[in-house]
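K.L.:
I'd like to ask you about the structure that follows.
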Amino acid sequence: MKIDFWIFIIFLLQLQTCSGLEVTVPSNPETGMAGSSVVVPCIYSLDFNQMEPKLLLVRWIFRDKVLLMFSKKDLTSYGRATLNKEAAMNGNVSLLLYGLKVEDEGMYTCSVEYNGELHLKEVQLRVEASPSVEVTMSSTKADDKMNLDCLVKGFYPKDVNVTWYRNGEIVNNGIITSEPRREGNGTYDVNSTLVIISSKIRKDELAECRVEHVSMGTPIKEHFVLTQIGCKRNSFTLVSINPVTIFLVMVLCHGLYWALCNRLKSKSNVVDEESVKPAVEPEADVQKCPRMGEIMVPRLVNGTKAFLQCTISGYCPGNLNVTWLWMKPGTQQLLPISPNDNKTATVEIKREKDKTYTCTACLSINVSVSGENSAQYVCQVEHPSLERPLQKRTGNLHVIGIPVIKVRRETRRKKTYLTAVIEGIFPLNVTIMWSRMKNNKLVDYPETDKQKKSSINLDGTYNVISSIKDKQSRARKSKSFKVTINHESLESPIQQTILREEGVYYLLTENGRNRLP
Ligand SMILES: *[C@@H]1O[C@H](CO)[C@@H](O)[C@H](O)[C@H]1NC(C)=O
Ligand SMILES: *[C@@H]1O[C@H](CO)[C@@H](O)[C@H](O)[C@H]1NC(C)=O
Ligand SMILES: *[C@@H]1O[C@H](CO)[C@@H](O)[C@H](O)[C@H]1NC(C)=O
Ligand SMILES: *[C@@H]1O[C@H](CO)[C@@H](O)[C@H](O)[C@H]1NC(C)=O
């Protein structure tokens, strides 16, 4: 008997170790791109003919947390992770991670357990994010210098090479590159600035910011045509890397641009003006392109008048054309403002010491929710120095309605209600809190004790009515109630206090108390 027992034990052990379970994962790291999905491979083998599905337990573990569990043909997932259940029964328990983030990078443990036998294997996952590259121009305090900024955003891992080229040759001097800065989502940003001496720009020079990153097979190349500096910023700042386009732009620059965008500082400009054959004869006086500030939009209160303002400066000659256009609420079409629209445009022009002009363009509008909320305005400027008009846009306007609040007392079916009537509010989002004094403490009314109703007015604003029931309106004891109303149009919440004394209700104000109607 004893021997039989041991044989049985050995047989059991054999059963365990002889399930033939093998788990394989790749030895090299897997790589996924941020934002997309990735498969982290893990394969197990068993004698599938004799496999008992309910004895299988698969887990994926990341940073000591179970990401998902597959057992008894059921899948439980705790994140952006899944696996193919059918494939899992046949040995493929690869993890599918979707919406990949930088923080998902690390070691993943594939844990396969069959009939009590456990195998763990680790796979490394790397995440990469490709940068976006933008070249912009900014002027510096020194008059003769311009900065070309190459803004490289959203890449991971941190290693990146940013190189500047000028006419195809690497630039080694006059470059300031920032340290990579980590963004909230784990990616990095870097800025590289190339300082350019404006007077040394040769005609039609091409600057290029080249960015190499492990996430991309080929570098990103952003080009910038230097003759445009000081003019045409809004119309033609960036040029794609397509050689045909570059050629076209160069031809354009050679002719039109050069002719129209004469720099005021032509004295200090080493460019030999004679060698440039302008397509258009430049005007006698020097032309300077206008600069446009953003349209300033004040707080827009329903029922008031408001002024949109746009400042255009640094231009000459003085003949500038300002046009306002608008997109009515709920439409997509940009229309010129017509006399029927009841808006008035004005301009104020000033000549500066440096002989350039500044124009302040104003548009007065009558603010109403129905007429202006979500409308958009465009200020458009035409000037002889510009090949095409400059534009600034407001984005969707946001109108607010400041409410008028009245407190009333109402009796319905012998029950007394305290009511706050809120008129002319916009948008509808309003918080109304009721509370009452109980044992010297304020107690809030639960949401269910309140009744709230809203209706829309002709001008697009809303009226909101909120009531509470005073259950002990007959009681002799005095009691006070408070209503607090909060809304984005209010600088601070409005509070009203109501006092009940001997069955009479009063509204407490700074000057005493008024009996409620
Ligand atoms: C395992 O499944 C994944 C998808 O879930 C697939 O991408 C992969 O090719 C499969 N592997 C094998 C060896 O079949
Ligand atoms: C990270 O955030 C930046 C903005 O902060 C965004 O431009 C970028 O697309 C984001 N990248 C990822 C991978 O989420
Ligand atoms: C890069 O420049 C942009 C715009 O000039 C700025 O907002 C950003 O903070 C800069 N980033 C770094 C890493 O210096
Ligand atoms: C950056 O340049 C160095 C030197 O040329 C090179 O070894 C490295 O691989 C580059 N890095 C990237 C991310 O391309």
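Numbering-wise, the sequence shown is residues -20 to -1, 1 to 497 according to mature numbering (1 follows the signal peptide of the UniProt record, and there is no 0).
Just so it is clear, CB atoms sit at the ideal spot from N, CA and C, and this is done for glycine as well.
Pull up the distance between the alpha-carbon of residue 410 and that of residue 336, whole angstroms please.
P.N.:
Cα to Cα, residue 410 sits roughly 49 Å from residue 336.
K.L.:
Can you give me the Cβ contacts of residue 482 inside the same chain, cut-off strictly under 8 Å, excluding the 5 residues immediately before and after it?
P.N.:
456, 458
K.L.:
Residues with a Cβ closer than 7 Å to any heavy atom of ligand 1, in chain order?
P.N.:
19, 21, 23, 63, 64, 67, 72, 74, 76
K.L.:
When we look at the beta-carbon of residue 30 and count the other beta-carbons within 10 Å, is it buried (16 or more) or exposed?
P.N.:
exposed
K.L.:
Please confirm if the region 13 to 23 is in contact with the region 73 to 83, defined as three or more CB-CB distances below 8 Å between the two stretches.
P.N.:
yes
K.L.:
For residue 319, which three-state DSSP category applies?
P.N.:
helix
K.L.:
Quick one: give me the first and last residue of the beta strand (DSSP E) that residue 108 is part of.
P.N.:
97 to 108
K.L.:
In chain order, what residues of the same chain have a beta carbon less than 7 Å from the beta carbon of residue 308, not counting five sequence neighbours either side?
P.N.:
Once the five neighbours on either side are set aside, the close Cβ partners of residue 308 are 355.
K.L.:
Return the first residue and the last residue of the alpha helix (DSSP H) that residue 349 is part of.
P.N.:
349 to 352
K.L.:
Can you give me the start and stop residues for the alpha helix (DSSP H) that residue 66 sits inside?
P.N.:
Its alpha helix (DSSP H) spans residues 65 to 69.
K.L.:
Is the CB-CB distance between residue 281 and residue 349 below 8 Å?
P.N.:
no
K.L.:
Taking the beta carbon of residue 202 as the centre, do at least 16 other beta carbons fall within 10 Å, making it buried, or is it exposed?
P.N.:
buried
K.L.:
Around the C-beta of residue 299, are 16 or more other C-beta atoms found within 10 angstroms, so that it is buried, or is it exposed?
P.N.:
So residue 299 ends up on the exposed side.
K.L.:
Comparing alpha-carbon positions, which option in 149, 164, 127 lies nearest residue 136?
P.N.:
Comparing Cα-Cα distances from residue 136 to each of 149, 164, 127, the minimum goes to 164.
K.L.:
Pop quiz: residue 141 and residue 158 are said to be a contact at Cβ under 8 Å. What is the actual Cβ separation, rounded to whole angstroms?
P.N.:
Not a contact, Cβ separation roughly 14 Å.
K.L.:
When DSSP labels each residue in this structure, what does residue 82 get in the three-state scheme?
P.N.:
helix
K.L.:
Output yes or no for whether 8 Å exceeds the beta carbon distance between residue 444 and residue 405.
P.N.:
Yes. Within cutoff.
K.L.:
Would residue 276 be called buried (16 or more neighbouring beta carbons within 10 Å of its own) or exposed?
P.N.:
exposed
K.L.:
Ends of the beta strand (DSSP E) at residue 493?
P.N.:
That run of the beta strand (DSSP E) goes 492 to 495.
K.L.:
Determine the contact status of residue 344 and residue 324, defining contact as a CB-CB distance below 8 Å.
P.N.:
yes
K.L.:
Could you give the DSSP three-state label for residue 147: helix, strand or coil?
P.N.:
When DSSP states are grouped into helix, strand and coil, residue 147 belongs to the coil group.
K.L.:
If you measure from the CB of residue 143, is any heavy atom of ligand 2 nearer than 7 Å?
P.N.:
Residue 143 has its Cβ no nearer than 7 Å to any heavy atom of ligand 2.
K.L.:
Measure the beta-carbon distance from residue 382 to residue 435 and round it to whole angstroms, keeping in mind my assumption that it falls under 8 Å.
P.N.:
Not quite, the Cβ-Cβ distance comes to about 18 Å (not below 8 Å), so this is no contact.
K.L.:
Taking the alpha carbon of residue 333 as the point to measure from, which residue in 156, 414, 293, 204 has its own alpha carbon closest?
P.N.:
293
K.L.:
Identify whether residue 421 lies in helix, strand or coil by the three-state DSSP scheme.
P.N.:
strand
K.L.:
Taking only runs that begin and end inside the region 358 to 400, name each unbroken beta strand (DSSP E) of 3 or more residues, in chain order.
P.N.:
370 to 373, 384 to 392
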